[in-house]
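Numbering (the numbering used here), first residue to last: 36 to 377.
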């Protein structure tokens with residue numbers, strides 16, 4: 036399978052190789068489990084992600100450090116060495132590296148002086164990290180090394196990291212991430228996110244997970260004035276806006292996707308609600324852009340990115356036009372929303 040390197044670095048490769056050789060032995064460390072540290076390449080053999088005098092560290096937006104293969108030498112995961120927030124542009128000899136979308140999907144390029152570029156998101160492959168367990172999975176690709184697999188059997192081998200998704204433990208269910216590379220809306224069991232101008236550049240992201248609450252009836256506590264009931268399921272949204280840009284995101288609540296039955300076909304009033312992470316305070320009403328759209332069992336709000344972050348759920352007025360209760364097992368809610376805030 037051909038995977039064309041998109042980096043236009045040919046004039047700089049010699050300088051880069053010399054720089055890597057000069058780096059020599061690096062400080063020991065990393066976030067890789069010392070037992071689960073082995074990847075395998077059919078053409079190159081074992082690759083150690085936690086070698087002596089080296090080691091790979093996983094952060095929520097990028098990777099750093101060195102892996103080692105007896106037959107190929109050092110493989111550097113990126114040029115950055117300072118930890119913290121960083122995203123590799125992969126467009127010059129000093130900006131290559133492997134990025135993390137915040138939910139464990141990797142992209143970008145590693146470099147080995149002896150083997151050249153290794154793509155962590157090739158066509159027909161790709162490497163991911165389970166955001167809840169830290170387990171690597173999938174395949175990387177290099178023109179000079181072929182496929183490198185990070186998990187396999189017979190014999191069993193794997194790579195594992197101490198990194199976990201930046202969500203409170205309560206919300207680590209159906210974790211997903213909206214990134215500039217997302218080709219379609221991402222969904223976390225009943226709430227979908229779609230981009231409109233955000234995320235705008237590499238490093239921007241929204242990570243989402245939920246508290247796994249079911250639909251056992253209307254929830255009437257912790258509500259602002261004018262809102263009578265809400266969904267029991269609450270989603271946590273963590274926004275990383277390295278570009279500092281504006282933009283909007285579409286939030287779609289899906290009854291069947293969340294495990295309920297019913298539709299948004301009747302008239303009424305809906306509210307997008309939020310509060311601080313881990314708070315027991317009342318939710319507040321989030322201002323939304325324009326009028327929400329309804330399609331059967333789904334309702335979509337458009338929200339400025341500046342108004343995102345923390346805990347979100349859906350609220351409504353207490354009764355349908357016939358006065359029957361709502362937000363029961365069927366979650367049959369009335370229509371249209373207050374879109375100017377409280």
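Every residue gets a Cβ at the ideal spot worked out from N, C-alpha and C, and that includes glycine.
Residue 212 and residue 193: beta carbons closer than 8 Å? No, the pair does not count as a contact, with Cβ atoms beyond the cut-off.
Could you give the DSSP three-state label for residue 85: helix, strand or coil? Correct three-state label for residue 85: coil.
Measure how close the beta-carbons of residue 249 and residue 289 come, nearest whole angstrom, since I'm counting them as under 8 Å. Contact between residue 249 and residue 289 fails: their C-beta atoms lie close to 15 Å from each other, not under 8 Å.
With 16 other CB atoms within 10 Å as the buried threshold, where does residue 332 fall? Buried: at least 16 other Cβ atoms inside 10 Å.
Name the residue from 145, 330 and 187 whose alpha carbon lies nearest to the alpha carbon of residue 299. Closest option to residue 299, judged by alpha-carbon separation, among 145, 330 and 187: 330.
DSSP-derived helix/strand/coil call for residue 275: In the structure shown, residue 275 sits in a strand (DSSP, three-state: E or B).
According to DSSP, which residues form a beta bridge with residue 206? Residue 206 pairs with nothing; no bridge assigned.
C-alpha distance - residue 129 paired with residue 118, whole-angstrom precision: Near 16 Å, if we compare the C-alpha coordinates of residue 118 and residue 129.
Could you check which residue in 152, 140, 169 and 125 has the C-alpha nearest to that of residue 72? Nearest option by C-alpha distance: 169.
With a threshold of 8 Å on Cβ separation, who are the neighbours of residue 163 within its own chain once the five nearest residues in sequence on each side are excluded? Once the five neighbours on either side are set aside, the close Cβ partners of residue 163 are 139, 140, 141, 171, 172 and 173.
May I have the straight-line CA-CA distance separating residue 262 from residue 228, to the nearest angstrom? A straight line joining the alpha-carbon of residue 262 with that of residue 228 spans about 24 Å.
If the criterion is Cβ atoms closer than 8 Å, does the pair residue 242 and residue 200 meet it? The answer is yes: Cβ separation under 8 Å.
Option nearest residue 317 by Cα separation, candidates 167, 260, 135 and 223: Between residue 317 and the set 167, 260, 135 and 223, the nearest pair of CA atoms involves 260.
Return the CA-CA distance between residue 294 and residue 267, expressed in angstroms with no decimal places. Put simply, the backbone Cα of residue 294 is about 12 Å away from that of residue 267.
Spatial neighbours of residue 319 within its chain, please: C-beta separation below 8 Å, excluding the five flanking residues on both sides. Scanning its chain for C-beta atoms nearer than 8 Å, with the 5 sequence neighbours on each side dropped, one finds around residue 319 the residues 259, 308, 309, 310 and 377, in chain order.
Residue 68 to residue 344, Cα distance in whole Å? Going from the Cα of residue 68 to the Cα of residue 344 covers about 31 Å.
Given residue 216 as reference, the closest of 236, 209, 204 and 208 once Cα atoms are compared: Looking from the CA of residue 216, the closest CA among 236, 209, 204 and 208 belongs to 236.
Rounded to whole angstroms, what's the CA-CA distance from residue 176 to residue 65? Just pull it up for me. As the crow flies, the alpha-carbon of residue 176 is around 22 Å from that of residue 65.
Just mark residue 136 as buried or exposed, buried being the case when its beta carbon has 16 or more other beta carbons within 10 Å. Around the beta carbon of residue 136, 16 or more other beta carbons lie within 10 angstroms, which makes this residue buried.
When burial is assigned at 16 or more other CB atoms within 10 Å of the CB, is residue 96 buried or exposed? It counts as buried.
Contact check, residue 246 vs residue 315 under 8 Å by CB: the rounded distance? 13 Å between Cβ atoms; not a contact.
Near the ligand ZN: residue 340 beta-carbon under 7 Å from a heavy atom: The ligand ZN is not among the ligands present in this structure, which contains no ligands whatsoever.
Count the other CB atoms, across all protein chains shown, that sit within 10 Å of the CB of residue 70; report buried if there are 16 or more and exposed otherwise. Answer is exposed; the Cβ neighbour count stays below 16.
Quick check on this structure: which residue in 274, 346, 112 and 273 has the alpha carbon closest to the alpha carbon of residue 100? The candidate whose alpha carbon is nearest that of residue 100 is 112.
Express the C-alpha separation of residue 297 and residue 120 in angstroms, rounding to a whole number. Distance between the alpha carbons of residue 120 and residue 297 is about 43 Å.
Report the rounded CA-to-CA distance for residue 346 versus residue 272, giving the unit in angstroms. So the alpha carbons of these two residues sit roughly 6 Å apart.
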